[in-house]
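Trainee: This structure is in structure tokens; I'll ask about it shortly.
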Amino acid sequence: MDGPAALFARRQFDADGAAYFPEALSGADIAALLHILADLPPDRAGSRLHGIPALSPFLASDGPIGRVASECLGRPGMAVRAILFDKSAATNWALGWHQDRTICVRQRIAVPGFGPWTVKAGLLHVAPPFDLLERMVTLRIHLDPVDADNAPLLIAPGSHAMGRVAEADIAAAVDRCGTATCLAHAGDIWAYATPILHASEAAHRPRRRRVLQVDFSADPLPGGLQWLGI
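First residue of the sequence shown: 908, per my numbering; consecutive thereafter.
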């Protein structure tokens, strides 16, 4: 995407904390990604990805996915975490309204402002200072169509500008911002500011719905901490 369409998407991203990039991937791109991810277990709701070098050409700042992230960040970014969500009739779940608040790193180092620490799927995660999250972008790369009956992402536009929202205040924040539904065709990308409030219902008519979700950052980490990467 370039020209007026790219400018509109960037303005939408800055204002709402989310932007839609239709047809960001070609049919050949989708086929290649599905081939790369084919060996992941289909019975898991989400698979955290690491050590898949074949994804690098897609996620690099000049790749078809990385370009979208860099456009939203305003500078070249790098992919720092990826999860494949594979929702189907067998793995049909709902996720309540929340903010993403952790990052994935290589090793545990005591750095002021970073904590608490957790391990998810064998990978080390930590909650960083919130302003780091505010400079990140998360992309949802749609490998299957997502209509209103197949558990689209729900977002609260503008909630990315509210800072850290306490759990007890999330419902009121969503009411204040309203909600938007992120429908998509295969090959489309939705980008959102990583701290935006978001949710997903269980599918009403479940079909396979594979979404590759990738976090991007343009910032190095302090104190010897390193992004784990993809």
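Backbone N, C-alpha and C define an ideal beta-carbon position, used for all residues, glycine too.
Give the DSSP-derived three-state secondary structure of residue 1040 in the structure shown.
Mentor: Taking the sequence shown and counting its residues from 1, the one referred to as residue 1040 is at position 133. Note: residue 1040 maps to helix in three-state DSSP.
Trainee: Considering only residues of the same chain and omitting the five flanking positions on each side of residue 980, which have a CB-CB separation below 7 Å?
Mentor: To locate residue 980, count along the sequence shown from 1; it is residue 73. Excluding residues within five positions, the ones whose Cβ falls inside 7 Å are 1044, 1123 and 1125.
Trainee: Whole beta strand (DSSP E) runs in the segment 936-961 with 3 or more residues, listed along the chain?
Mentor: 953-956
Trainee: Can you round the beta-carbon distance between residue 1063 and residue 1104 to whole angstroms, since I take them to be within the 8 Å contact cut?
Mentor: Here residue 1063 corresponds to residue number 156 of the sequence shown, with the count starting at 1. Here residue 1104 corresponds to residue number 197 of the sequence shown, with the count starting at 1. Contact holds; Cβ gap of about 4 Å.
Trainee: Give me, in chain order, the residues of the same chain whose beta-carbon lies closer than 6 Å to that of residue 1035; leave out the 5 immediate sequence neighbours on both sides.
Mentor: Position 128 of the sequence shown, counted from the first residue, corresponds to residue 1035. The answer, listed in chain order, is 1010 and 1021.
Trainee: Taking three-plus beta-carbon pairs below 8 Å as touching, is the segment 1128-1135 in contact with the segment 958-978?
Mentor: no
Trainee: So residue 1004 packs on residue 1096, CB below 8 Å; how close in whole Å?
Mentor: Reading the sequence shown from its first residue, position 97 is the one you call residue 1004. Reading the sequence shown from its first residue, position 189 is the one you call residue 1096. Residue 1004 to residue 1096, Cβ: 22 Å. No contact.
Trainee: Helix, strand or coil for residue 1124, going by three-state DSSP, please let me know.
Mentor: Here residue 1124 is taken as the residue at index 217 of the sequence shown, counted from 1. In this structure, residue 1124 counts as strand in the three-state DSSP scheme.
Trainee: Taking three-plus beta-carbon pairs below 8 Å as touching, is the segment 983-1002 in contact with the segment 1105-1114?
Mentor: Two segments are said to touch when three or more pairs of C-beta atoms, one from each, lie closer than 8 Å; by this definition the segment 983-1002 touches the segment 1105-1114.
Trainee: In whole angstroms, give me the CA-to-CA distance for residue 988 and residue 956.
Mentor: One-based indexing of the sequence shown puts residue 988 at position 81. One-based indexing of the sequence shown puts residue 956 at position 49. About 7 Å.
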